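In terms of this note's numbering, the sequence shown opens at residue 186 and continues consecutively. Every residue gets a Cβ at the ideal spot worked out from N, C-alpha and C, and that includes glycine. Given the structure is predicted, the values throughout are model-derived calculations rather than measurements. Below is one structure, written out as structure tokens; the observations come after it.
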Amino acid sequence: MSILHPPPRLSADAVRLCPLIDAFGRQVRYLRLSVTDRCDLRCVYCLPARATFLPRAAIPSLDELATLADVFIAAGIRRIRLT
186 MSILHPPPRL SADAVRLCPL IDAFGRQVRY LRLSVTDRCD LRCVYCLPAR ATFLPRAAIP
246 SLDELATLAD VFIAAGIRRI RLT
């Protein structure tokens, strides 16, 4: 049996990606990452009233979210909101 280890975290200095540009030519510098879809507040902004929840296996782990954040930082994201 082998022990699985998470991939090493990326640093913004290690990887530089092309900046993210929206349809109007503006550089995207803000990202919202949802930690879960099971919030009980049911805000229209995050979750419509008739939404169905994802299987737990489909929700990214905190380590996966950290890796995603590293990649987006390398692409020019400067603010990240966790919801």
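Sheet register partners of residue i (DSSP bridge)
i	result
R214	DSSP lists no partner for R214.
I206	Q212
Residue i: first and last residue of the uninterrupted alpha helix (DSSP H) it sits in
i	result
L247	247-259
Bounding residues of the beta strand (DSSP E) (the contiguous stretch that carries residue i)
i	result
R227	Premise fails: R227 is in no beta strand (DSSP E) and is neither H nor E.
R264	264-267
Residue i classed as buried or exposed, judged by whether at least 16 other C-beta atoms fall within 10 angstroms
i	result
F257	buried
I206	exposed
S187	For S187, the predicted model reports a pLDDT of 49, less than 50, meaning its position is unreliable; a value from the coordinates is still stated below. Looking at its Cβ environment, which holds fewer than 16 other Cβ atoms inside 10 Å, S187 is exposed.
Exercise. For the segment 222-230 against the segment 249-266, are there 3 or more C-beta pairs whose distance is under 8 angstroms?
Worked result: No contact exists between the segment 222-230 and the segment 249-266.
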